[in-house]
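A.B. asks: Quick note, the sequences are listed as chains A and B, same order.
Taking the numbering used here, the leading residue of the first sequence gets 5, the next gets one more, and so forth.
Taking the numbering used here, the leading residue of the second sequence gets 18, the next gets one more, and so forth.
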Amino acid sequence: MTVSITSYLLVALILFCIGLYGALTKRNAVAVLLSIELMMNAVNINLVAFSKYGLHPAVSGQIFTLFSMTVAAAEVALGLAILIALYRNKATVNVDEMDQMKR
Amino acid sequence: MDTFLHYAWLIPLFPLLAFIVIVSFGRQLKEGASFVGILLTAVSFVIAVLAFWQRFHGGADDYKFVIDWLQVGDIVINMGFEVNQLNAMMLVIVTLVSLLVQIYSRGYMHGDERFPVFYQYLALFTFSMLGLVISPNLLQVYIFWELVGVCSFLLVGYYFFKPEAKAAAKKAFIVTRVGDLGLYIGICLLFWWTGSFDYEQIFESVGLGRLEPWMVTTAAVLIFVGAVGKSGQFPLHTWLPDAMEGPTPASALIHAATMVAAGVYLVAATYPLFIASETALTVVAYVGGFTAIFAASIGLTQRDIKRVLAYSTVSQLGYMMMALGVAGTAGYVAGSFHLMTHAFIKALLFLGAGSVIHAVHTQDVFEMGGLWKKMPITALTFLIGCLSISGIFPFAGFWSKEAILGAVYGAHRYDLLAIALIAAFFTAFYMFRLYFLTFTGQPRGKHEPHESPAVMTGPLLVLAVLAIVAGFVNTPYAPLLSEWLLASNTGTTIAALFGEGSEHTATWLQVLALVISILGIVLAYLMYGKKAVSADAIPQTLPWLYRLSYRKYYVDELYHYVFVRPLGWLGIFLNGFDKYIVDGLVGLTAKITQGIGSLHARAQSGQMQSYGAMVLFGLLLLIVAISLTVQGGGLFGFGH
Chain A
5 MTVSITSYLL VALILFCIGL YGALTKRNAV AVLLSIELMM NAVNINLVAF
55 SKYGLHPAVS GQIFTLFSMT VAAAEVALGL AILIALYRNK ATVNVDEMDQ
105 MKR
Chain B
18 MDTFLHYAWL IPLFPLLAFI VIVSFGRQLK EGASFVGILL TAVSFVIAVL
68 AFWQRFHGGA DDYKFVIDWL QVGDIVINMG FEVNQLNAMM LVIVTLVSLL
118 VQIYSRGYMH GDERFPVFYQ YLALFTFSML GLVISPNLLQ VYIFWELVGV
168 CSFLLVGYYF FKPEAKAAAK KAFIVTRVGD LGLYIGICLL FWWTGSFDYE
218 QIFESVGLGR LEPWMVTTAA VLIFVGAVGK SGQFPLHTWL PDAMEGPTPA
268 SALIHAATMV AAGVYLVAAT YPLFIASETA LTVVAYVGGF TAIFAASIGL
318 TQRDIKRVLA YSTVSQLGYM MMALGVAGTA GYVAGSFHLM THAFIKALLF
368 LGAGSVIHAV HTQDVFEMGG LWKKMPITAL TFLIGCLSIS GIFPFAGFWS
418 KEAILGAVYG AHRYDLLAIA LIAAFFTAFY MFRLYFLTFT GQPRGKHEPH
468 ESPAVMTGPL LVLAVLAIVA GFVNTPYAPL LSEWLLASNT GTTIAALFGE
518 GSEHTATWLQ VLALVISILG IVLAYLMYGK KAVSADAIPQ TLPWLYRLSY
568 RKYYVDELYH YVFVRPLGWL GIFLNGFDKY IVDGLVGLTA KITQGIGSLH
618 ARAQSGQMQS YGAMVLFGLL LLIVAISLTV QGGGLFGFGH
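Here you go:
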């Protein structure tokens, strides 16, 4: 049995939507970060899927995914660091109260 | 031999220098500013006299110097100066009167807070007037013409804290502006038709008949409209009496001797244009004649000493215009001659009136009286001025008035002659009414008058001498001025057209004019000097006639209702239009933009999640839009 590209894309789509929903609705900043990771991984799945079944299959897609994961790891580290700094200042992880960007 | 003519351009520059110096150092100079003005004007006067002398005696030719100023296509516009007979005479008159007025003002304006400012204006005015006189082309004339108008505005509004002075200054500016517009159009038309602003080239074109007769008439009449505005001729005369709100020396300088003379001068300077059109000349003659009698009849009843003099000025300017209008060599000479004598006489009268006002602190003649004993020099010089302007033998006014009457008679304009004679009667009457009310009888004022200081009486004496002797330059027995003026280029043009030697001196006319003037004086004496005839006789029997004259024929009221009010309404309407429609539209645009902006600003909550939701929503919108609009649509356009 062969798994078509549609299945991969469908999984990635579902994953992305869950991530997006979480990123837009969760009140907890940690949960928002987690959701963003989900979206990132949905993209990674797409990259890998296209590197195998795309119009021009090439290994560069998979390599790019590795880069993407590395960058994502660094990004999360940074994000958490900011989050901790914010928590220390405001004693909250509720994103509704983090509206400093307004000013 | 004619070296001073080459340096004639310096004449206007000295007053300009005075202006600059007083503007720069006025605060430090304080009343010393007057010395700067007097000294530099004196230098101008000396050069003007030397140039005049060379022109008059040395037989020097017309001197003209121009530089290219602008080049527009093939047309070169010049700047420069010119000295000919007429303006050599004007240069001397303007510098002399200005010099005397400035000396006089030292006394009159003494203690005034803005003393240096007054001298600034005087210097700028003198510069402008001299520049106007010396200009060789109409464009340059127009520039100085406007400068003169500005100075007049400044000087009339010198006491700007008085509402009447402010209103008078505005009126002077706006009313003369009406005339200026005519002049401007006239100059533009002439430039269009002849391709030049230069007097010489315009006259040449006209002389060669390159212009259609209607063109010449139009241009001449339009230039005359400018002169009407500046010289206070009917129907633009209303500003001149109001302009008496300015300081009296300024009135003497501007509204009697020199600025109002600019209109007459302009007509005289562009005379070859006028003589090419019979219609234009007729217009000039009748406007002048009508103004002469109209203003004289108003002068009969005015109570303000300066206003009487102002109407007298208007009337005398009407005389000059009439003389110019009746054409011919005699008219040209008579107009220019009267321009000169009147400048001296009227400067004398105004300065005399200033001396009186200085002493009694009122301008109402019915509050004066008996000043003869208190201020003998002023009284004597004023008497000379009155005699001279009334045309009593052998004062200057006699000769020039006689020249005008002779010219009118010679041109067979008997209607104008009658007008002129009646106006002469009026002139004699109101001048001596003024004299008797002011200087004779019992003192009616509250103040204790005293003679003015020497710095004020000195100029009066000089002018009084001139008011006596100035007429002798052109008596019928020795017409020096006449011969000299007619020797100029303009003069020969006129002479060529009308023929030389059109002097129509009739002895009976001289005697008649003299008798009429004396009758006027006698009547004034009986009414106001001896009080043998009741001065109230006419106001009581014909009150409407008296009121008509006293209220200046209601011209001001007429203008108020016909022009000022409707224009005011138009202004209010346009202001409303601007405020509510134009501004409303602008405001509406601003409000809409602001509303949209505040709507957006509310979206900027600082909440990352709502931003994200908006981005998502936008993306969805884009996708929908693209899928709907792109041809062969479908979602993303795949699969087709």
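Ideal Cβ positions, reconstructed from N, Cα and C, are used throughout, including at glycine.
I'd like to know whether the C-beta of residue 635 of chain B is nearer than 7 Å to at least one C-beta of chain A.
C.D. replies: no
A.B. asks: What residues from chain A crowd round residue 622 of chain B, counting only those whose CB sits closer than 8 Å?
C.D. replies: 103, 106
A.B. asks: For the segment 403-410 of chain B against the segment 265-281 of chain B, do three or more pairs of beta-carbon atoms, one drawn from each stretch, fall closer than 8 Å, so that the two count as touching?
C.D. replies: no
A.B. asks: Counting only beta-carbon atoms, is residue 629 of chain B nearer than 7 Å to chain A?
C.D. replies: yes
A.B. asks: Within 7 Å (strictly less), CB to CB, does residue 28 of chain A reach chain B?
C.D. replies: yes
A.B. asks: So within the segment 273-348 of chain B, which uninterrupted alpha helix (DSSP H) runs reach at least 4 residues, ignoring any that extend past its ends?
C.D. replies: 276-286, 288-292, 295-316, 322-342
A.B. asks: Measure the C-alpha to C-alpha separation of residue 566 of chain B and residue 307 of chain B and round it to an integer number of angstroms.
C.D. replies: When rounded, the separation of the alpha-carbon atoms in residue 566 of chain B and residue 307 of chain B is 15 Å.
A.B. asks: If you follow the alpha helix (DSSP H) that residue 598 of chain B is in, where does it begin and where does it stop?
C.D. replies: Run containing residue 598 of chain B: none; DSSP gives neither H nor E here.
A.B. asks: What is the DSSP secondary structure of residue 88 of chain B, counted as helix, strand or coil?
C.D. replies: strand
A.B. asks: Select from the segment 79-104 of chain A all residues with a C-beta closer than 8 Å to any C-beta belonging to chain B, and list them in chain order.
C.D. replies: 99, 100, 102, 103, 104
A.B. asks: So, under 8 Å CB-CB, residue 502 of chain B and residue 103 of chain B are touching, yes? Tell me the CB distance rounded to an integer number of Å.
C.D. replies: 7 Å
A.B. asks: Report the partner residues of residue 357 of chain B according to the DSSP bridge assignment.
C.D. replies: Answer by DSSP bridge pairing: none, since residue 357 of chain B is not bridged.
A.B. asks: In the DSSP assignment, the alpha helix (DSSP H) including residue 426 of chain B goes from what residue to what residue?
C.D. replies: 413-427
A.B. asks: Would residue 45 of chain B pass as an interface residue toward chain A - the criterion being a Cβ-Cβ separation below 7 Å?
C.D. replies: no
A.B. asks: How many Å lie between residue 555 of chain B and residue 561 of chain B at the Cα?
C.D. replies: 10 Å
A.B. asks: So, are the CB atoms of residue 441 of chain B and residue 505 of chain B less than 7 Å apart?
C.D. replies: Not closer than 7 Å, so no.
A.B. asks: Within the same chain, show all residues whose beta-carbon is closer than 8 Å to that of residue 374 of chain B, passing over the 5 residues directly before and after it, in chain order.
C.D. replies: 265, 322, 323, 380
A.B. asks: Rounded to whole angstroms, what's the CA-CA distance from residue 325 of chain B to residue 382 of chain B? Just pull it up for me.
C.D. replies: 10 Å
A.B. asks: Between residue 139 of chain B and residue 119 of chain B, is the Cβ-Cβ spacing less than 7 Å?
C.D. replies: Yes, Cβ-Cβ distance for residue 139 of chain B and residue 119 of chain B is below 7 Å.
A.B. asks: Rounded to whole angstroms, what's the CA-CA distance from residue 166 of chain B to residue 193 of chain B? Just pull it up for me.
C.D. replies: Distance from the CA atom of residue 166 of chain B to the CA atom of residue 193 of chain B, rounded to whole angstroms, is 8 Å.
A.B. asks: Rounded to a whole number of angstroms, what is the C-alpha to C-alpha distance between residue 107 of chain B and residue 606 of chain B?
C.D. replies: 60 Å
A.B. asks: If you scan the segment 541-611 of chain B from start to end, which runs of the alpha helix (DSSP H) of 4 or more residues do you find wholly inside it?
C.D. replies: 554-558, 560-567, 572-576, 582-593
A.B. asks: Mind reading off the beta-carbon distance from residue 59 of chain B to residue 116 of chain B? Whole number of angstroms is fine, and I expect it under 8 Å.
C.D. replies: Contact between residue 59 of chain B and residue 116 of chain B holds: CB atoms are separated by about 6 Å, below the 8 Å threshold.
A.B. asks: Check the Cβ of residue 24 of chain A against every Cβ in chain B and list those closer than 9 Å, keeping chain order.
C.D. replies: 629, 633
A.B. asks: When the Cα atoms are used, what is the spatial distance from residue 84 of chain B to residue 237 of chain B?
C.D. replies: 27 Å
A.B. asks: Measuring alpha carbon to alpha carbon, tell me which of B:124, B:62, B:40 ends up nearest residue 470 of chain B.
C.D. replies: B:124
A.B. asks: Using a beta-carbon distance cut-off of less than 9 Å, what residues from the segment 128-150 of chain B approach chain E?
C.D. replies: Reference to chain E is not applicable here, since the protein chains of this structure are A and B.
A.B. asks: Let me see if you follow: with CB-CB separation under 7 Å, is residue 626 of chain B close to chain A or not?
C.D. replies: yes
A.B. asks: Specify, as a first and last residue, the run of the alpha helix (DSSP H) that residue 409 of chain B falls within.
C.D. replies: From DSSP, residue 409 of chain B is part of no alpha helix (DSSP H); its letter is neither H nor E.
A.B. asks: Would you mind giving the Cβ-Cβ distance between residue 342 of chain B and residue 285 of chain B, rounded to the nearest angstrom? I have them listed as a contact below 8 Å.
C.D. replies: Wrong, their Cβ atoms sit about 11 Å apart, outside the cutoff.
A.B. asks: Write down every uninterrupted run of the beta strand (DSSP E) in the segment 131-170 of chain B whose length is 3 residues or greater and which is fully enclosed by it, in chain order.
C.D. replies: When DSSP assignments are scanned along the segment 131-170 of chain B, no uninterrupted stretch of beta strand (DSSP E) that is 3 or more residues long falls wholly within it.
A.B. asks: Near residue 49 of chain A, what residues of its chain come up, given a Cβ to Cβ distance below 8 Å and the 5 sequence neighbours on each side ignored?
C.D. replies: 12, 15, 16, 19
A.B. asks: Taking the alpha carbon of residue 331 of chain B as the reference point, which residue from B:272, B:366, B:361 has its own alpha carbon closest?
C.D. replies: B:272
A.B. asks: Closest to residue 390 of chain B by C-alpha separation, out of B:467, B:334, B:476, would be which residue?
C.D. replies: B:467
A.B. asks: Note down the Cα distance separating residue 62 of chain A from residue 34 of chain A, rounded to an integer number of angstroms.
C.D. replies: 36 Å
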